[in-house]
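Quick note on numbering: the sequence shown equals residues 1 to 283 in the UniProt record's numbering. In what follows, a structure is listed as structure tokens, so that the remarks can point back to it.
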Amino acid sequence: MNTTMLANPSAVVAGIFLAFILLELACSALRQSSGGRRDVLIEVIGSGILVAITFPAVMWLSGKLLSLVAPQLKDALVAIPWAVGFVLFLLLDDMTQYWWHRLTHRVPVLYALHRAHHSAPYMSVRIVYRNNSFYYMLMPGIWLSGMLIYLGLAPVYYVYLIIKMTVIFAAHSSVAWDDKLYGIRVLRPLVWLLERIISTPSTHSAHHGLTADDGVTHYKGNFGNLLFLWDVLFGTAKITRRRPPAYGIEHLSPISWQEELFWPLVRSRRTAPKTSARPEVTQ
1 MNTTMLANPS AVVAGIFLAF ILLELACSAL RQSSGGRRDV LIEVIGSGIL
51 VAITFPAVMW LSGKLLSLVA PQLKDALVAI PWAVGFVLFL LLDDMTQYWW
101 HRLTHRVPVL YALHRAHHSA PYMSVRIVYR NNSFYYMLMP GIWLSGMLIY
151 LGLAPVYYVY LIIKMTVIFA AHSSVAWDDK LYGIRVLRPL VWLLERIIST
201 PSTHSAHHGL TADDGVTHYK GNFGNLLFLW DVLFGTAKIT RRRPPAYGIE
251 HLSPISWQEE LFWPLVRSRR TAPKTSARPE VTQ
């Protein structure tokens with residue numbers, strides 16, 4: 001894999017991320033909890049590990065492994081139509097991430113790798129990469145994307161990555177941009193279709209809600225990242241066009257930021273029994 005090519009989409013994604021940060025500061029900073037030192041540490045360290053270590057390592061390793069097993073496949077898909085390559089990323093990256101995300105909410109051990117993403121008491125673009133340091137290392141979609149790049153689809157991936165991360169940033173943002181669209185009568189048919197295809201602040205904030213008793217929260221569904229369509233197709237969608245009144249994890253004692261980021265290397269006796277029961281009881 002030509003690692004120098006990664007700099008271009010990475011710079012664009014970083015720019016889009018910064019734009020959403022500035023948008024939140026301009027529009028929402030006074031309307032949401034900013035979190036404390038614990039949240040800052042989880043977000044900065046967790047995001048830093050992913051961007052600087054996990055993502056480039058998995059991309060390199062996936063291509064390297066394929067080159068050792070099947071070197072003859074190098075650039076084997078380079079001549080396929082661009083649209084077909086894009087669909088391959090939707091299926092092998094975005095759809096597998098849907099199932100990985102769904103699985104982490106069902107399997108207690110895997111949820112321990114994901115709970116940092118949900119422990120934030122707010123929605124913000126800052127929590128996009130807020131996960132345990134091993135969460136992305138085990139995500140099938142990143143490995144499969146690296147293999148597709150080895151097969152010659154790097155130019156497709158770079159466009160796909162920019163589109164996907166823009167949607168994910170927008171869906172996590174505390175800026176409720178979709179509310180503006182709901183109020184425009186002429187756009188109602190388009191918005192109805194849009195919110196069933198991609199993730200929006202409304203549908204994704206429901207996934208982060210604190211308690212299902214509020215009538216909006218749906219933390220056992222709305223797992224989609226780029227495409228909300230997977231939730232629609234696989235029966236896990238809930239669309240209310242409302243926001244939960246509170247965010248976070250219910251019925252669980254808080255744990256240290258070190259444990260959230262580095263479990264199972266860092267673990268606490270007092271939280272281990274509760275973690276195993278959590279997905280069935282709450283989220």
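Glycine is no exception: its CB is placed at the ideal position from the N, C-alpha and C atoms. Only a predicted model underlies this, so the values are computations on that prediction, with no experimental measurement involved.
| Query | Result |
| --- | --- |
| Pairwise C-alpha distance: L252 and P273 | At P273 the pLDDT is 37, less than 50, meaning the model places this residue with poor confidence; the figure from the coordinates comes in the next sentence. If I take the Cα positions, the gap works out to 11 Å. |
| T104: first and last residue of the uninterrupted alpha helix (DSSP H) it sits in | 96-104 |
| Exposure of V175, with buried meaning 16 or more beta-carbon neighbours within 10 Å | buried |
| Distance CB(S62)-CB(G146) smaller than 7 Å | yes |
| Backbone CA spacing between I127 and I80 [nearest angstrom] | 36 Å |
| Of the residues T217, L66, L190, the one placed nearest G209, counting alpha carbons only | T217 |
| L30 (DSSP reduced to helix, strand or coil) | The predicted position of L30 is uncertain, since its pLDDT is 49 and thus under 50; no value can be drawn from it. |
| From I142, L187, R243, residue whose alpha carbon lies closest to that of D93 | I142 |
| Cβ pair count under 8 Å reaching 3, the stretch 190-197 against the stretch 120-138 | no |
| Contact check, Y158 vs I149, beta carbons under 7 Å | no |
| Which listed residue (L153, E259, L187) has its alpha carbon closest to that of W82 | L153 |
| Under the three-state DSSP convention, the category I255 falls into | coil |
| Own chain partners of V167 with C-beta closer than 7 Å, once the 5 adjacent residues on each side are dropped | I198, S199, L226 |
| Straight-line gap, T240 to F234 (C-alpha atoms, nearest Å) | 18 Å |
| Cβ neighbour criterion (16 or more within 10 Å) applied to V186 | exposed |
| Residue span of the alpha helix (DSSP H) that contains P56, given as start and end | 55-69 |
| Beta-bridge partners of Y247, as assigned by DSSP | G209 |
| D178: first and last residue of the uninterrupted alpha helix (DSSP H) it sits in | 177-182 |
| CB contact flag (R130, H114, <7 Å) | no |
| Neighbour-count burial assignment, Q97, 16 or more Cβ in a 10 Å radius | buried |
| Sheet register partners of V227 (DSSP bridge) | The displayed chain sequence assigns Leu, not Val, to residue 227. Paired residues: I198. |
| Three-way DSSP call (helix, strand, coil) for W263 in this model | coil |
| Residue range of the alpha helix (DSSP H) that includes V128 | From DSSP, V128 is part of no alpha helix (DSSP H); its letter is neither H nor E. |
| Beta-carbon proximity of F223 to Y160, cut-off 7 Å | no |
| Reference G36, options G183, L23, W257, closest by Cα | W257 |
| DSSP-derived helix/strand/coil call for residue 331 | Beyond the ends of the chain as shown, which are 1 and 283, falls residue 331; an answer cannot be given. |
| Which of helix, strand or coil DSSP assigns to P108 | helix |
| Between the CA atoms of V69 and N132 - distance to the nearest angstrom | 30 Å |
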